[in-house]
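Only one structure is covered here, and it is reproduced in the block below.
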Amino acid sequence: MKNISILGSTGSIGVQTLDVIRQHPEQFRVVAIAGGTNSDLLIKQALEFKPSIVSVGNSTLAEKIRMELPDEIKVLYGQEGLIEVATHPQCNFVVSAIVGSAGLLPTLSAIEAGKSIGLANKETLVTAGHIVMEKAKEKNVSIIPIDSEHSAIFQCLNGEITSGVKRIIITASGGSFRDLSREQLKEVTPQQALNHPNWSMGAKITIDSATMMNKGLEVMEAHWLFQLPYEQIDTVMHRESIIHSMVEFEDRAIMAQLGTPDMRIPIQYALTYPKRLALQTEPLDLLKVGILHFEPLSMERYPCLGFAYEAGRKGGTLPTVLNGANEVAVARFLKGEISFLGIEHVISSVMEKHHVISQPDLETIIEADQWARDVASKM
Ligand code: NAD
Ligand code: MG
182 MKNISILGST GSIGVQTLDV IRQHPEQFRV VAIAGGTNSD LLIKQALEFK PSIVSVGNST
242 LAEKIRMELP DEIKVLYGQE GLIEVATHPQ CNFVVSAIVG SAGLLPTLSA IEAGKSIGLA
302 NKETLVTAGH IVMEKAKEKN VSIIPIDSEH SAIFQCLNGE ITSGVKRIII TASGGSFRDL
362 SREQLKEVTP QQALNHPNWS MGAKITIDSA TMMNKGLEVM EAHWLFQLPY EQIDTVMHRE
422 SIIHSMVEFE DRAIMAQLGT PDMRIPIQYA LTYPKRLALQ TEPLDLLKVG ILHFEPLSME
482 RYPCLGFAYE AGRKGGTLPT VLNGANEVAV ARFLKGEISF LGIEHVISSV MEKHHVISQP
542 DLETIIEADQ WARDVASKM
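Here the sequence shown stands for residues 182 to 560, where the numbers follow this note's numbering.
Printed below as a string of structure tokens:
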């Protein structure tokens with residue numbers, strides 16, 4: 182029996198994680214859940230899965246939830262609540278599925294407490310990859326990817342050592358605007374950007390997919406997870422989202438992992454690894470798919486991908502700053518404060534203003550993140 186805590190249970194990944202757990206009640210038990218502001222859904226989830234701790238974004242919502250739940254369920258809030266969910270004594274597996282660098286400290290505390298991690302929250306690795314990976318090594322904790330591309334690479338690598346790897350090839354659907362020119366991008370609205378062709382996901386990652394920053398964040402995520410230099414991490418546009426990513430080995434053999442675009446497949450694999458369990462999902466019918474397409478991803482068309490490679494290669498506090506600026510820029514675009522192309526403008530301007538600090542400790546990371554957010558908010 183795996184005892185699971187979920188950080189971000191009310192989000193797209195959180196809800197799908199609970200769906201996987203619902204399919205296998207004899208394998209998994211939910212011991213703690215945490216969400217932000219959707220208190221109604223948290224109450225519903227708590228009544229169904231009966232965790233011993235529920236955490237919510239603030240004290241007012243905690244009061245409301247307390248009134249609806251039986252006394253034996255402890256209701257907490259804020260940062261403290263997240264940490265208690267992440268370190269629950271009975272928990273042995275934490276699904277890290279909060280959006281943004283807000284997931285960093287709870288994920289680190291779960292690692293510190295020796296819990297295995299199923300990682301959806303890529304911003305955690307982008308913002309503090311060296312600290313997270315070092316802590317995981319020290320505590321002998323495994324970090325199993327949930328992001329579909331990284332799950333694919335993880336599955337392709339199974340049993341192989343990364344020294345035999347020539348390169349990894351991360352696939353990208355292209356996002357909502359893949360068929361628009363840069364000229365056409367000047368006019369696009371948040372509503373149009375939120376309309377992803379292949380995946381239904383949270384708002385932030387859907388915008389990141391449209392700017393291609395999501396792929397950039399995934400390149401950095403892969404760098405840390407698989408300990409590969411950026412020269413060995415390539416990206417390719419693949420409209421169908423059927424091949425979730427590939428590994429090319431030294432002998433030029435390429436392994437690819439294919440499947441229906443359904444996040445429950447990588448989520449469940451993280452939960453069951455190294456075993457596999459049946460999952461109720463649409464099987465992939467290659468005869469229906471027929472043809473798979475591959476196109477180059479141009480850094481002129483998608484500057485955010487270039488920013489991410491630059492930040493990853495330069496390292497230090499630059500990835501943290503890129504990530505913080507991106508989070509603010511995306512939020513401002515969604516609020517209608519800046520244009521779609523304004524997102525990349527904000528990110529590149531904040532990166533330019535930043536004096537990179539190498540080998541930053543956690544405190545320096547948190548300061549750099551805050552600095553980037555402040556600058557990006559005023560721009
Ligand atoms: P989402 O917006 O749907 O959900 C985010 C969750 O985090 C919600 O439960 C929200 O309440 C919670 N949350 C946000 N800020 C919080 C805070 N400060 N305190 C407590 N809870 C907070 O996002 P999502 O699409 O589920 O994505 C979650 C993470 O998984 C992101 O890092 C994303 O990049 C990654 N990811 C998502 C998908 C996907 O298909 N949705 C795929 C791959 C990776
Ligand atoms: Mg992904």
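Positions of the beta carbon are idealized from the N, C-alpha and C atoms, including for glycine.
At least one heavy atom of the ligand NAD lies closer than 8 Å to the C-beta of residue 301.
Spatial neighbours of residue 393 in its own chain (CB-CB distance under 6 Å, excluding positions within 5 residues in sequence) are listed in chain order as 483, 485 and 486. Assignment of beta-bridge partners to residue 416 by DSSP yields 351. The segment 317 to 328 and the segment 347 to 356 do not touch, with fewer than 3 CB-CB distances between them shorter than 8 Å. As summarised for the segment 281 to 330, the continuous beta strand (DSSP E) elements at least 3 residues long and confined to that stretch are 297 to 300 and 324 to 326, given in chain order. For residue 187, the secondary structure class from DSSP, reduced to helix, strand or coil, is strand.
In the three-state DSSP reduction, residue 438 falls in the strand class (E or B). Relative to residue 440, the option among 541, 421 and 358 whose CA is nearest is 421.
Going by DSSP, residue 390 is part of the alpha helix (DSSP H) stretching over 384 to 392. With fewer than 16 other beta carbons inside 10 angstroms of its own, residue 241 counts as exposed. A distance criterion of 8 Å places the beta-carbon of residue 267 beyond contact range of the ligand NAD, judged by its closest non-hydrogen atom.
When DSSP states are grouped into helix, strand and coil, residue 456 belongs to the coil group. If you check the C-beta of residue 507 against the ligand MG, you find no heavy atom less than 8 Å away. Here residue 226 is buried: its Cβ has 16 or more other Cβ atoms, across all protein chains shown, within 10 Å. Of the residues 309, 335, 318 and 306, the one whose Cα lies closest to the Cα of residue 296 is 318. Near the ligand MG, residues with a Cβ at less than 6 Å from any of the ligand's heavy atoms are 328, 329, 330 and 399; the list follows chain order. Not one heavy atom of the ligand NAD lies closer than 8 Å to the C-beta of residue 376. Taking non-hydrogen atoms of the ligand NAD into account, the C-beta of residue 552 is found less than 8 Å away from none of them. Here the distance from the Cβ of residue 380 to the nearest heavy atom of the ligand NAD is below 8 Å. With a threshold of 8 Å, the Cβ atom of residue 310 does not count as near the ligand NAD, since no heavy atom of the ligand is closer than that.
In this structure, the C-beta of residue 190 approaches the ligand NAD to less than 8 Å from one of its heavy atoms.
Secondary-structure assignment with DSSP links residue 344 through no beta bridge to anything.
Under the DSSP definition of a beta bridge, residue 215 partners with 188 and 236. Residue 188 and residue 405 have their C-alpha atoms spaced approximately 21 Å apart.
Taken from the Cβ of residue 357, every heavy atom of the ligand NAD lies 8 Å or farther away.
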